[in-house]
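Q: Numbering (the working numbering), first residue to last: 76 to 827.
What follows is the structure, encoded as C-alpha cells:
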C-alpha cells in the first residue's frame, strides 16, 4: 500500500433536490474503529444509514501543518433555507425569490484561508497598575484559588481528553480546561513554569494540535516548560518536542518507527458466532427471550456469506457511494481499491507532515528524520545523542533539577500545583476577564442522539439533539450575544431505538438542528470549529454554518448512505419460529416482513429510498457550501477527508483551532481584533447528585471507566447502530496497552 491508488473522477450530473420520501431515515454515522458495522435494524426494519467509511486504526498519526491550504473560490449556487426545510410546502421550495443566499454567506464563500484572521496568541506584559490590581484580586480570592509564589504547574496528559467542560466531580481531562490552564499560567505571577507529563495519549489529532499550539504560546511568556515522557510514540513526541526541554527515564519506551493503517478481515471466522450466541443466551436470562433473540438475529448479519447460509440468513443491502465499505472486514478477505486509495492518501499526508514538523522543530533535515525512523532506533541513549531528547533522568531527578532552577533548598518540597486544582482558579483572579462583547460557545461533543439516556455517563452523554436545538434558540433569541461558535467533536449518530418511527424522529432532529443553525446564521455570525472529527452527522451540523474552521487532520465529510434488511425466513424455520402478517397496502410489509425476501417491486422501492436518502444529504451539503451538486458528488460518496484536504475541496473554509474561530467570529461581528470578548459556555456542566456519587464512588473503588462505557453500550444493544464502517475511530487515538483479547471483545461488544 506504499503506492497511491487512483480511480477515475466522477463527473456525473445529478438532479437537484426534490421533496423526499418522508419516511426515509438518515442515521448519521459514528466514527469508530475495528467495530462491526450494523447493516440493518432489529426485525429487519430497513434503514438507510449515513456511514463514515473506514478510518485509520491503531496508528500513531501526526498533525499536518496548516501550510496555507487555500480553498478554491466558491461555486455560486443560490438556495434558500426553506428549499431544504422538510416542513415547508412543496410550492414554496420552487419560488425563485426565496432561493437566494444572504450577502454575508456569499462574501464568506469567496474568502480564502489567508483572508481570515489568524487568531495567533500574543503575550502582553501587564503594566504596573494592572499588576497591582491582580495582587488585590488574589488577596480576596477563594481559598482553593490560592497558589504559592514560585509554584510549578504540573499537568499529566494521558489517556482520553474530552472537548467538553468538566465539573469538579467529573474524572478525566478536558481540552478547554487544559488550554485555559496554559493561558492562566502564562500570566499568573505565582507560576514560574510548567512540568508537563506526556504518556500514552488516547485522543484525536485535532486535540493534539490544539494543545501543541498552547505549548508554543506559553513559551512566549518567557517561562520554562519542561516535558517528561516515560512512553513515547509519534503522537506523544509531537507534543513533547514542542517543550523547551524534554526528559525521559533511562528505561523509557520509545516507538518512533513510522505510521500504519490497519484493517482486519475475519471472513469465515467462527468467533463472532460464539460471541453473539453467548451474549444472546445471557440476555435471554437477564433481559428476556425477546431481547436475546433480537440481538442474535440482528448481529448474525455481520457474518460472512458462508456462515449466513448455515444459520439461514440472507442480507439484502443497498450501498450508495464507491467509498462505502460497511462490513468489509467481515464480507471481504482484503481491502477494496477505493478504501485503500482513501486510507493511503490520508496516511501519506500524515506521515509527510509529521516528518516536516519534527524536522522543523528539531532543526534537522527531513532526510535525517526519515533515515532515523528507518533505522528502528529504540535505545534512549541514542535518542539523547541525536538530540531528540535533552537528557535521561528519572522523575525525582527532574524535580531536583527544577528545585535548582528555582532556587529551592534541596531539603524543601518544590511547590507544585496540579491540573485539577489549578483549573479552579478563575481567570478573573489573574486579570484575564473578557470584554463587554459576548460570544456564545455551544459544544457538541460525542455521539449524536435524540434524547439523553438515563444510563449515560456524565463524561459521555454525547450530543443530545433536543438540548442543542434549545441552546441554539437561546442564542438566536438573545440580543446580548454578538456571535456564536459551535464547537463540534462528533462522529455522528449513536445507537438508536430499533423501531422505524424512532429512526424517522432522529432524521427529523438532524434536519431541525441544521435548520436552527441556518436560522441562527441569519441573525448573527456563526462559526463551526471542528476538533478531532466532524464526520457524517458532525459534518451535517457544521455545514449549517457559513464558515467552517478545522484542524489540519480533523476527520470530516463522510457523505454517504448504506441501507439494508435481513431475510430471516430460513432461520425462523430452523428454530421453529413462525410469523404471519396481515396487511393493507402494496408496500405495507416492506419494513415488517423479515420472514421473506423483498419482492421485485419492493426491492426497487427500497433501492430508490436509499438513493433518495443519499441525495438528500449530498444536496443539502451542496446547498450549504454553495457548490454545484455535481461538484459535491465528487467529494461525497462516503469519503472521509482530513481538514487540509477538505479545505482544498471547499468543504472547509479555514485551517486552525478554537482561537482562530474566535478571531473570525470577532471579524464577522465587527469587533476589533484588539478588543477582548467574553466567551459564554452554554454547555457548562452542572452535576446532579447521582453524578456526584458516581464520581466519588469511582475514586473510592477505582471503577474502570472502560467497563462503564461497555455497560452503556450494551444498554443500546437492541438498537440500530449508525457507526463508522470497518475500523474503530478510537484507533486513531493510539494503540491500547490493555490485554489484546479483552480489547477485541470490548470493541466487538461496543459495536453491538
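Cβ atoms here follow ideal geometry from the backbone N, Cα and C, with glycine treated the same way. None of these values were measured; they are calculated from a predicted model.
Would residue 444 be called buried (16 or more neighbouring beta carbons within 10 Å of its own) or exposed?
A: Buried: at least 16 other Cβ atoms inside 10 Å.
Q: Which residue comes first and which comes last in the alpha helix (DSSP H) that contains residue 257?
A: Per DSSP, residue 257 belongs to the alpha helix (DSSP H) from 250-262.
Q: Below 8 Å on the Cβ atoms is my contact criterion, and I expect residue 64 with residue 670 to pass it. Report the Cβ-Cβ distance as a whole number of Å.
A: Because the chain is modelled from 76 through 827, residue 64 falls outside the range shown and cannot be assessed.
Q: Suppose the cutoff is 6 Å on Cβ atoms and the five residues either side in sequence are ignored; what does the same chain contact list for residue 634 look like?
A: Here the set comprises 692, 693, 696, 711.
Q: State yes or no: is the C-beta of residue 490 within less than 9 Å of the C-beta of residue 226?
A: Closer than 9 Å, so yes.
Q: With a CB to CB cut of under 7 Å and the five nearest residues on each side skipped, what residues in its chain are close to residue 459?
A: For residue 459, where only same-chain residues beyond five positions count, the Cβ hits under 7 Å are 466, 467.
Q: Residue 636 and residue 685: beta carbons closer than 9 Å?
A: Cβ distance < 9 Å, so residue 636 and residue 685 count as in contact.
Q: Is it buried or exposed, residue 753, if we count other Cβ atoms within 10 angstroms and call 16 or more buried?
A: By the 10 Å Cβ count, residue 753 comes out exposed.
Q: Going by C-alpha distance, which of 513, 265, 212, 718 is nearest residue 608?
A: Residue 718 is the option with its Cα nearest to residue 608.
Q: Note down, in chain order, each residue of its chain lying with its Cβ closer than 7 Å to the Cβ of residue 741, except the 5 sequence neighbours on either side.
A: Only 748, 752 meet the Cβ criterion.
Q: When you compare only the Cα positions, how much space is there between residue 438 and residue 311?
A: Roughly 19 Å separates the two Cα atoms.
Q: Under the three-state reduction of DSSP, which class applies to residue 320: helix, strand or coil?
A: Of the three classes helix, strand and coil, the one that applies to residue 320 here is strand, per DSSP.
Q: Which residue wins for smallest C-alpha separation from residue 541, given the options 556, 457, 523, 737?
A: Comparing Cα positions, the closest option is 523.
Q: From which residue to which residue does the alpha helix (DSSP H) around residue 415 run?
A: Segment 412-437, the alpha helix (DSSP H) holding residue 415.
Q: Using three-state DSSP, classify residue 230 as helix, strand or coil.
A: Residue 230 falls in the strand class under three-state DSSP.
Q: Considering only DSSP beta bridges, list what residue 605 is partnered with.
A: In the DSSP output, where bridge partners are listed per residue, residue 605 has 563.
Q: DSSP on residue 208, reduced to helix/strand/coil?
A: Residue 208: helix per DSSP, three-state reduction.
Q: First and last residue of the alpha helix (DSSP H) that includes residue 675?
A: Its alpha helix (DSSP H) spans residues 675-699.
Q: Whose C-beta lies closer than 6 Å to the C-beta of residue 250 among residues of the same chain, with five residues either side of it excluded?
A: Closer than 6 Å at Cβ, skipping near neighbours: 236, 238, 282.
Q: Where does residue 493 land, buried or exposed, given buried means 16+ other C-beta within 10 angstroms?
A: By the neighbour-count rule (16 or more Cβ atoms within 10 Å), residue 493 is not buried but exposed.
Q: From residue 317 to residue 503, what distance separates their C-alpha atoms?
A: Spanning the two alpha carbons is a distance of roughly 29 Å.
Q: Rounded to whole angstroms, what is the Cα-Cα separation between residue 567 and residue 631?
A: So the two alpha carbons sit approximately 10 Å from each other.
Q: Around the C-beta of residue 243, are 16 or more other C-beta atoms found within 10 angstroms, so that it is buried, or is it exposed?
A: Classification for residue 243: exposed.
Q: Restricting to Cα atoms, I'd like to know which of 480, 450, 427, 481 is closest to residue 845.
A: This structure cannot settle anything about residue 845, because the visible part of the chain is limited to 76 through 827.
Q: Is the shortest distance between the beta-carbon of residue 554 and the beta-carbons of chain D less than 9 Å?
A: Among the chains in the structure shown there is no chain D, since it carries only a single protein chain.
Q: Counting pairs of beta carbons, one from the stretch 598-613 and one from the stretch 720-737, are three or more of them closer than 8 Å?
A: Taking 8 Å as the limit for Cβ pairs, the verdict is that the stretch 720-737 does touch the stretch 598-613.
Q: Which term fits residue 143, buried or exposed, when burial requires 16 or more other beta carbons within 10 angstroms of its beta carbon?
A: For residue 143, the predicted model reports a pLDDT of 42, less than 50, meaning its position is unreliable and no value from the coordinates is stated.
Q: Would you kindly report the start and end of the unbroken alpha helix (DSSP H) that includes residue 269?
A: Residue 269 -> not in any alpha helix (DSSP H); beta strand (DSSP E) instead, spanning 266-276.
Q: Classify residue 453 as buried or exposed, calling it buried when 16 or more other Cβ atoms lie within 10 Å of its own Cβ.
A: With fewer than 16 Cβ atoms within 10 Å of its Cβ, residue 453 is classed as exposed.
Q: My guess is that residue 564 and residue 520 are in contact by the Cβ rule of under 8 Å, so how many angstroms apart are they, rounded?
A: Indeed, because the Cβ distance is near 4 Å, the residues count as touching under 8 Å.
Q: In its own chain, which residues sit with a C-beta less than 6 Å from the C-beta of residue 241, not counting the 5 before and 5 after it?
A: Excluding positions up to five away in sequence, the list reads 249.
Q: Hey, how far is the Cα of residue 642 from the Cα of residue 665?
A: Between residue 642 and residue 665, the C-alpha separation is close to 12 Å.
Q: For residue 843, which three-state DSSP category applies?
A: No answer is possible for residue 843: it lies beyond the span of the chain, which begins at 76 and ends at 827.
Q: Using only the alpha-carbon positions, how far apart do residue 730 and residue 722 sit?
A: About 7 Å.
Q: Quick one, are the C-beta atoms of residue 455 and residue 464 less than 9 Å apart?
A: Going by C-beta atoms, residue 455 is nearer than 9 Å to residue 464.
Q: Rounded to whole angstroms, what's the CA-CA distance from residue 264 to residue 224? Just pull it up for me.
A: So the alpha carbons of these two residues sit roughly 7 Å apart.
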